[in-house]
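Numbering (my numbering), first residue to last: 11 to 368.
Glycine included, every Cβ here is placed at the ideal spot set by N, Cα and C.
Note that the structure is a prediction, hence the values are computed from the model and not measured.
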Amino acid sequence: MRVGVLFGGRSGEHEVSLLSAASVMAALDRRLYDVIPIGIDKQGRWRRGTSSQSRDPAGVLLRGTPFILPPVPAHLLPQRGAGLVNPRLDVVLPILHGTFGEDGTVQGLLEMSGIPYVGAGVLGSAASMDKDVMKRLFRDAGLPVVPFVVARRRTWETSPAALLRRITTALPFPLFVKPANLGSSVGISKVNRRGELGPALNEAARYDEKLVVEQGVDAREFECSVLGNDEPVASVPGEVRPGKEFYSYEAKYLEPGSSTVIPAPIPPALARQVQRLAVRAFRAVDACGLARVDFFYVPRTRQLFLNEINTMPGFTAISMFPKMWEASGLSYPKLLDRMIALALERARERARNHYARG
């Protein structure tokens, strides 16, 4: 089976994607898969590598062959067209995090190309990426979320005093200010007092036109992996213990001090509640294939809140998604096998759809 591994991209999570892709390509069973690495650089240029380059994502971006997926079924195209080399691919793993990768855009391209791919579809990806839409879907499904306010960058630029007043009237400090569409905690700030709110909104506005401000809670952070299509199942939960004040980009990837505990040291009843809510969240956003669902747990009140869902979570050597499945009895290589099988299962189901009358 020819498996294309898509990585890099134009988002602020480009480097994380390279690390994830390197781990994925190292773990794929070469007796089962012919691995074709496909890198997208920060300017959006696509380059295809060879199987021998599949353990060096950065090298593919520098020395690969210019390439782009065709927006028509691949089997109808010649192997060479307009100077670009288009390989036949049986399935694609879009190991892309954030904008232009996890937000439905590349999923739409793969749909148009007629190529099966791992993970959520266009709707599930887009809805899960937008923290405003995601939280409203959770709330409408009866799932617990912390209070939040949504604002536009344009509103912040034209009516800053009114927006500050609206936020501080609706929510008590501390607050978390986030770009609506990004991951890996890029652009997120914790705000403890009013004077910090303006700079935090400026920082989030660098990354998106829509901003989300959430009420902060004094909580433990749990995560749970979900796998499946129509019948999703949840892994054992894990706990994240940030080395900084919150689980920022630096705390996740750059600085020592953060730790994870898998399985999370919690009572069985709470673990089951996390798993049930993780599956409900997965269904609420129309996810499929895989996702990681993140939670806040407030020990004082015993309240459990959904934080967010990630439809293409990190796959580095220290990432929670594969580690939670490993603790649940599914090894990293077998997890990838299962993800690919789910992608092909979904493609077969979609192939039953008729797109024209008759």
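query = Taking three-plus beta-carbon pairs below 8 Å as touching, is the region 24-42 in contact with the region 325-339?
reply = In short, these stretches touch, since the Cβ pair count reaches three.
inquiry  = Tell me the DSSP secondary structure of Ala137 in three-state form.
reply    = When secondary structure is reduced to three states using DSSP, Ala137 falls in the helix class.
key: Assigned exposure category for Met139 - 16 Cβ within 10 Å defines buried   = Its Cβ being crowded by 16 or more others within 10 Å, Met139 is buried.
query = If you run the structure through DSSP and keep just helix, strand and coil, what is Leu354?
reply = Leu354 falls in the helix class under three-state DSSP.
task = Below 7 Å CB to CB, which residues in the same chain sit around Asn309 once its five sequence neighbours on both sides are set aside?
result = Reading off the sequence shown, one finds Pro at residue 309, where the question assumed Asn. Closer than 7 Å at the Cβ level, and outside the excluded window around Pro309, lie Arg230.
task = Give every residue of the same chain whose Cβ lies closer than 7 Å to the Cβ of Tyr365, excluding the five residues on either side of it in the sequence, and list them in chain order.
result = Around Tyr365, the same chain offers no residue with a beta carbon nearer than 7 Å, after the five sequence neighbours per side are excluded.
key: Whole-angstrom distance between Ala288 and Lys188, CA atom to CA atom   = When only Cα atoms are considered, Lys188 and Ala288 end up about 22 Å apart.
inquiry  = So, at 7 Å on beta carbons, what are the nonlocal neighbours of Asp240 in its own chain, with the 5 sequence-adjacent residues on each side left out?
reply    = Closer than 7 Å at the Cβ level, and outside the excluded window around Asp240, lies no residue.
task = Give the secondary structure of Ala215 by DSSP, where H, G and I count as helix, E and B as strand, and everything else as coil.
result = Looking at Ala215 - three-state DSSP - the assignment turns out to be helix.
query = Which residue from Val101, Lys344, Val201 puts its Cα closest to that of Asp44?
reply = For Asp44, the nearest C-alpha among the options comes from Val101.
request  = Hey, could you find the ends of the alpha helix (DSSP H) Ile50 is sitting in?
outcome  = No alpha helix (DSSP H) holds Ile50; the beta strand (DSSP E) holding it covers 44-50.
key: Leu314 beta carbon less than 9 Å from that of Ala291   = It is not a contact, given that the beta carbons lie outside the stated cut-off.
key: Those residues which DSSP pairs with Asn320 across a bridge   = In the DSSP assignment, the residues bridged to Asn320 are Arg302.
6 Å Cβ shell around Arg348 - same chain, five flanking residues per side excluded = Once the five neighbours on either side are set aside, Arg348 has no close Cβ partner at all.
ask   = Helix, strand or coil: which one does DSSP assign to Arg90?
value = Confidence in Arg90 is poor, its pLDDT being 44 and thus under 50, which makes the residue's placement unreliable; the coordinate value appears in the next sentence. If DSSP states are grouped into helix, strand and coil, Arg90 belongs with the strands.
ask   = What residues match up with Trp56 in a beta bridge as DSSP calls it?
value = Answer is Ile50, bridged to Trp56.
task = Taking Gly111 as the reference, give the member of Lys145, Leu192, Arg40 with the closest Cα.
result = Comparing Cα positions, the closest option is Leu192.
ask   = Does the Cβ of Glu224 have 16 or more other Cβ atoms within 10 Å, making it buried, or fewer, making it exposed?
value = Buried is the call here.
ask   = Anyone know if the C-beta pair for Leu16 and Pro104 falls short of 9 Å?
value = Yes, Cβ-Cβ distance for Leu16 and Pro104 is below 9 Å.
Segment contact flag, the region 299-308 with the region 205-216, C-beta cutoff 8 Å, min 3 pairs = Taking 8 Å as the limit for Cβ pairs, the verdict is that the region 205-216 does not touch the region 299-308.
query = If you follow the beta strand (DSSP E) that Ala161 is part of, which residue opens it and which one closes it?
reply = It spans 158-162 - the beta strand (DSSP E) in which Ala161 sits, taken as one unbroken run.
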